[in-house]
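Student: Each residue of the sequence shown is one higher than the last, beginning at 12 in our numbering.
Ideal placement from N, C-alpha and C gives every residue a C-beta, glycine not left out.
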Amino acid sequence: MRIALIADIHGNIHALEAALDDLQRQHVDRVIVNGDFANRGADTLAVYQRIAPLLSDATLGNHDDLMVIWNAPRDPARYDWLDDRFWAGGAQAAARLAPTGALDQIRALPMTVRVELDDAPSLLISHGSPRHYREGYGRDVTPELISEIVDEYPADVLVGSHTHRPMLKSWSRYTVMNTGAIGASFTGDARAHYLILTARAGEWAPEFRRVPYDVDAAIASYDANGLIDELAASGELEEHLLDMYVFREELKHARSFLVPYMMWAEVEGLPKSMASWELFRARHQERFAPPSRPNEIRSSSEP
12 MRIALIADIH GNIHALEAAL DDLQRQHVDR VIVNGDFANR GADTLAVYQR
62 IAPLLSDATL GNHDDLMVIW NAPRDPARYD WLDDRFWAGG AQAAARLAPT
112 GALDQIRALP MTVRVELDDA PSLLISHGSP RHYREGYGRD VTPELISEIV
162 DEYPADVLVG SHTHRPMLKS WSRYTVMNTG AIGASFTGDA RAHYLILTAR
212 AGEWAPEFRR VPYDVDAAIA SYDANGLIDE LAASGELEEH LLDMYVFREE
262 LKHARSFLVP YMMWAEVEGL PKSMASWELF RARHQERFAP PSRPNEIRSS
312 SEP
């Protein structure tokens, strides 16, 4: 049994097509979409149209869920932040998905997918952790955390995504893996990352794959598909495009900027604005080093 796990596509059709082109040559038995096909990238609608047939074997990601929440009546006390025009690009992606049937598919997505084979360890797949789709398996994961999770959700191997960084750790009988991200790697390597697991000799053997794609085309898509023109017509430019602008920088540099920027702005007492973003950038120039853009496909048993 060979299982491919693709995740965190985030509306990046260029990265998705490159990864799927590579994947079709890998002779896998199953493809699981491990959350966050939607939002932030320029081509959420195109990504949905491409992977809709695969969503019958998928988990719910936090950004997928946001597409539903944006299109439904919501508790203002809980979701008032969605009305912040900083997130105008996300609201626009949700509006584009609404007529397609995507929201019904998203509502039906489970939090986890479990794989049980007679000759392999039990496998539990979730976008974040089984407890919450925003609890990702990252560099700070500890044996104590994993013990808590497997006490509630028993499994030998846990696989997550969400952090946009591939990972492999083992403690005692438990193994934890992260698929990495197709649409926006945060490793400094701009290639599309995904994971193949092969049940072999009583274990799940990981194959971390990195596939080059046209990053410049993905960045240019924001202008090419009319997103920016639509927002300009509705007066949603400048600060209201900032989330999209930051994501473009994340694509360009293959590093996480949004969360560090928002945390920094809160500490500094500054509003989310183009001015504060430029100040953040000036004060953290080391974060904006040019990324690695290798042209070859990499396959490794290590992240």
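Within a Cβ cutoff of 7 Å, which residues of the same chain sit near V152, ignoring the five residues on either side of it in sequence?
Tutor: Against the sequence shown, residue 152 aligns to sequence position 141. Excluding positions up to five away in sequence, the list reads K180 and V187.
Student: Are there 16 or more other CB atoms within 10 angstroms of the CB of T111, so buried, or fewer, so exposed?
Tutor: Position 100 of the sequence shown, counting from 1, holds the residue named residue 111. Result: exposed.
Student: Pairing CB atoms from the stretch 71–88 with CB atoms from the stretch 30–42, are three or more of them under 8 Å?
Tutor: Cβ pair count under 8 Å is below three, so no.
Student: Using the DSSP secondary-structure output, state which residues sit across from P217 in a beta bridge.
Tutor: Here the question's residue 217 lines up with position 206 in the sequence shown. According to DSSP, which records beta bridges pairwise, P217 is partnered with L208.
Student: How big is the Cα-Cα spacing for S303 and I230?
Tutor: Looking up residue 303 in the sequence shown gives position 292. Looking up residue 230 in the sequence shown gives position 219. Approximately 16 Å between the Cα atoms of the pair.
Student: Enumerated in chain order, which unbroken segments of the beta strand (DSSP E) with a length of 3 residues or greater are wholly contained in the stretch 77–126?
Tutor: Fully enclosed beta strand (DSSP E) runs of 3 or longer: 123–126.
Student: Count Cβ pairs between the stretch 189–196 and the stretch 168–180 that sit closer than 8 Å; are there 3 or more?
Tutor: Segments in contact, yes.
Student: Tell me whether A105 is buried or exposed, calling it buried when 16 or more other Cβ atoms sit within 10 Å of its Cβ.
Tutor: Along the sequence shown, read from residue 1 onward, the residue named residue 105 stands at position 94. Buried, since its Cβ has 16 or more Cβ neighbours within 10 Å.
Student: For V44, report the span of its beta strand (DSSP E) as first-last.
Tutor: Translated into the one-based positions of the sequence shown, residue 44 becomes position 33. R41 to V44 is the span of the beta strand (DSSP E), which, as asked, contains V44.
Student: Grab me the residues of H74's own chain with a C-beta within less than 6 Å of its C-beta, minus the 5 sequence neighbours each way, in chain order.
Tutor: To locate residue 74, count along the sequence shown from 1; it is residue 63. Result list for H74: D47, A49 and N50, in chain order.
Student: With L135 and L169 assumed to form a contact (beta carbons below 8 Å), what rounded beta-carbon distance in angstroms separates them?
Tutor: Residue mapping note: residue 135 aligns to position 124 of the sequence shown, counting from 1. Residue mapping note: residue 169 aligns to position 158 of the sequence shown, counting from 1. Right, the Cβ-Cβ distance comes to about 5 Å (below 8 Å), so this counts as a contact.
Student: According to DSSP, what are the bridge partners of S137?
Tutor: Numbered from 1 along the sequence shown, position 126 holds the residue referred to as residue 137. S137 is bridged to T123.
Student: For R118, which residues in the same chain have their Cβ closer than 7 Å to its Cβ, ignoring the five residues on either side in sequence?
Tutor: By one-based count along the sequence shown, residue 118 stands at place 107. V79.
Student: Do you know whose CA, among A212, I193 and R202, lies nearest P305's CA?
Tutor: Counting from 1 along the sequence shown, the entry for residue 305 is found at position 294. Looking at the Cα atoms, R202 is the closest of the given residues.
Student: If we count the other Cβ atoms within 10 Å of its Cβ and call it buried at 16 or more, is G213 buried or exposed?
Tutor: Taking the first residue of the sequence shown as position 1, residue 213 is located at position 202. So G213 ends up on the exposed side.
Student: Given a cut-off of 8 Å, decide if K283 and M273 are closer than it, judged by their beta-carbon atoms.
Tutor: For the purposes of this step, residue 273 is identified with residue 262 of the sequence shown, where counting begins at 1. For the purposes of this step, residue 283 is identified with residue 272 of the sequence shown, where counting begins at 1. Their beta carbons are under 8 Å apart, which means M273 touches K283 by this criterion.
Student: For L114, which residues from the same chain have a beta carbon less than 7 Å from its beta carbon, with the 5 sequence-adjacent residues on both sides left out?
Tutor: The count along the sequence shown starts at 1 and reaches residue 114 at position 103. Around L114: M78, V79, N82 and L108.
Student: Taking all protein chains shown into account, decide if E163 is buried (16 or more other Cβ within 10 angstroms of its Cβ) or exposed.
Tutor: For the purposes of this step, residue 163 is taken as the residue at position 152 of the sequence shown. Looking at its Cβ environment, which holds fewer than 16 other Cβ atoms inside 10 Å, E163 is exposed.
Student: Starting from the C-beta of I160, find all residues in its chain whose C-beta is less than 8 Å away, skip the five residues before and the five after it, and write them out in chain order.
Tutor: The residue you call residue 160 lines up with position 149 of the sequence shown. The answer, listed in chain order, is S140, P141, R142 and L169.
Student: Which runs of the beta strand (DSSP E) fall wholly inside the stretch 144–217 and span at least 3 residues, in chain order?
Tutor: Segments of the beta strand (DSSP E) lying fully in the stretch 144–217: 168–171, 178–182, 185–189 and 203–211.
Student: Which residues does DSSP list as the beta-bridge partners of I14?
Tutor: Counting from one through the sequence shown, the residue named residue 14 turns up at place 3. Partner(s): R41 and L208.
Student: Looking at the structure shown, is A69 part of a helix, part of a strand, or coil, going by DSSP?
Tutor: As a first step, residue 69 is located in the sequence shown; it is residue number 58 there, counting from the start. Strand at A69.
Student: So, at 7 Å on beta carbons, what are the nonlocal neighbours of S311 in its own chain, with the 5 sequence-adjacent residues on each side left out?
Tutor: Looking up residue 311 in the sequence shown gives position 300. Excluding residues within five positions, the ones whose Cβ falls inside 7 Å are F219.
Student: Beta-carbon within less than 6 Å of A216's beta-carbon, same chain only, minus the 5 sequence neighbours each way: which residues are those?
Tutor: For this step, residue 216 is matched to residue 205 along the sequence shown. Closer than 6 Å at the Cβ level, and outside the excluded window around A216, lie T209.
Student: CA-CA distance, R150 and E277?
Tutor: As a position in the sequence shown, residue 150 is number 139, starting the count at 1. As a position in the sequence shown, residue 277 is number 266, starting the count at 1. Answer to the nearest angstrom: the Cα atoms are 24 Å apart.
Student: Looking only at DSSP bridge pairs, what is V222 linked to?
Tutor: Along the sequence shown, one-based indexing puts residue 222 at 211. DSSP lists A203 as partners of V222.
Student: DSSP on R309, reduced to helix/strand/coil?
Tutor: As a position in the sequence shown, residue 309 is number 298, starting the count at 1. Here R309 sits in strand by DSSP.
Student: Would you kindly check if the distance between the Cβ of G22 and the Cβ of A63 is under 8 Å?
Tutor: Within the sequence shown, the letter at position 52 stands for residue 63. Within the sequence shown, the letter at position 11 stands for residue 22. For A63 and G22, no; Cβs fall outside 8 Å.
Student: Starting from the Cα of R13, find the closest Cα among I207, E279, P271 and F258 and give me that residue.
Tutor: The count along the sequence shown starts at 1 and reaches residue 13 at position 2. Looking at the Cα atoms, I207 is the closest of the given residues.
Student: Rounded to the nearest angstrom, what separates W182 and G100 at their Cα positions?
Tutor: Here residue 182 is taken as the residue at index 171 of the sequence shown, counted from 1. Here residue 100 is taken as the residue at index 89 of the sequence shown, counted from 1. Those two C-alpha atoms are separated by around 41 Å.
Student: Less than 8 Å between the C-beta atoms of L71 and H138, yes or no?
Tutor: Counting from 1 along the sequence shown, the entry for residue 71 is found at position 60. Counting from 1 along the sequence shown, the entry for residue 138 is found at position 127. Yes, Cβ-Cβ distance for L71 and H138 is below 8 Å.
Student: Given a threshold of 16 other Cβ atoms within 10 Å of its Cβ, counted over all protein chains shown, does S158 qualify as buried or as exposed?
Tutor: The sequence position of residue 158 within the sequence shown is 147, counting from 1. Exposed, since its Cβ has fewer than 16 Cβ neighbours within 10 Å.
Student: Count the other CB atoms, across all protein chains shown, that sit within 10 Å of the CB of Q296; report buried if there are 16 or more and exposed otherwise.
Tutor: Looking up residue 296 in the sequence shown gives position 285. Burial call: exposed.
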